[in-house]
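To get the numbering used here, take the position in the sequence shown, counting from 1, and add 3.
Just so you know, even glycine gets a beta-carbon here, dropped at the ideal spot from N, CA and C.
Comments concern the structure below.
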Amino acid sequence: MDELKTLIDGYKRFYKKFFEEQKELDKNLFIKPQTPKFLVISCCDSRVNPSQIMDTKPGDIFVIRNVANLVPTNESDGKPHSVGAAIEFAVKHLRVKHIIVLGHSQCGGIRALMEGKHSGDEYDFIDPWMDIAKKARENVLKDHKDKSFKDQCSYCEKASIKISLNNLMAFPWVKQKCESGELNIHGWYFDMETGSLLSKQGETFLPVDKLLLK
């Protein structure tokens, strides 16, 4: 139970800060409908918290988290698709202005992808999920075959962001809003070792500050 105490103590601090010390501010925030301008598609890695990295407040960003921050292909087959449903909600209902695919260094999902298929039932769910980014793995193994495994993983982490961006554009209502200027999509990459936040610009990744200079 010691592990749970950490969370319970954290909740008490949260309650005091947001429901006692700033009561009026947050009362309005939670009564009114949410109106985030950003959808962030992030990894579920416990070390990568979009709200913390971008220092946002409750209500600022709508977040989807999954293994390796992947966007699956558009499959309108009438079956449940959690990522597609969340993207649709953000774009059609919340009318977000930006979608950010946020990748990161030392991603366990990408590492599993780069290792290749695993034997038996070791990764019954992870392997099929990571197949979404298998093209990224193939390209990395072809273009960077002489690099170390660590470097290959780093290349793949960035390459998989491009795949997710392409898959986003396969949703017709995302494509339509991007073409009309109502929506912008971005690929960002957080380096956990250095704290750097990079943005995909063309075929390279540059510090996000460069976006403000355009």
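Integer-rounded CB distance, given that residue 159 should sit under 8 Å from residue 103: The Cβ separation is near 19 Å, so there is no contact.
DSSP bridge partner residues for residue 209 (one or two, in chain order): 202
Cβ neighbours of residue 138 in the same chain (closer than 7 Å, five flanking residues each side left out): In chain order, 166 place their CB closer than 7 Å to the CB of residue 138, counting only its own chain and leaving out the 5 sequence neighbours on each side.
Buried/exposed call for residue 149, threshold 16 Cβ in 10 Å: exposed
Nearest candidate by alpha-carbon position, reference residue 162, set 208, 120, 124, 126: 208
Opposing strand residues paired with residue 192 [DSSP bridges]: 106, 201
C-alpha gap between residue 19 and residue 168, whole angstroms: 40 Å
Distance CB(residue 56)-CB(residue 186) smaller than 9 Å: no
Inter-residue spacing [alpha-carbon to alpha-carbon] between residue 61 and residue 136: 31 Å
Rounded straight-line distance, which links the Cα of residue 24 to that of residue 39: 23 Å
Closest Cα partner of residue 143 within the set 51, 121, 134, 117: Among 51, 121, 134, 117, the Cα nearest to that of residue 143 belongs to 117.
For residue 46, the three-state DSSP class (helix, strand or coil): strand
DSSP-derived helix/strand/coil call for residue 66: strand
Span of the alpha helix (DSSP H) around residue 81: Residue 81 -> no alpha helix (DSSP H), and no H or E assigned at all.
Which of helix, strand or coil DSSP assigns to residue 77: coil
Spatial neighbours of residue 155 in its chain, beta-carbon cut-off 8 Å, leaving aside the 5 residues before and after: 117, 143, 144, 147
Option in 124, 177, 212, 191 with minimal Cα separation from residue 206: 191
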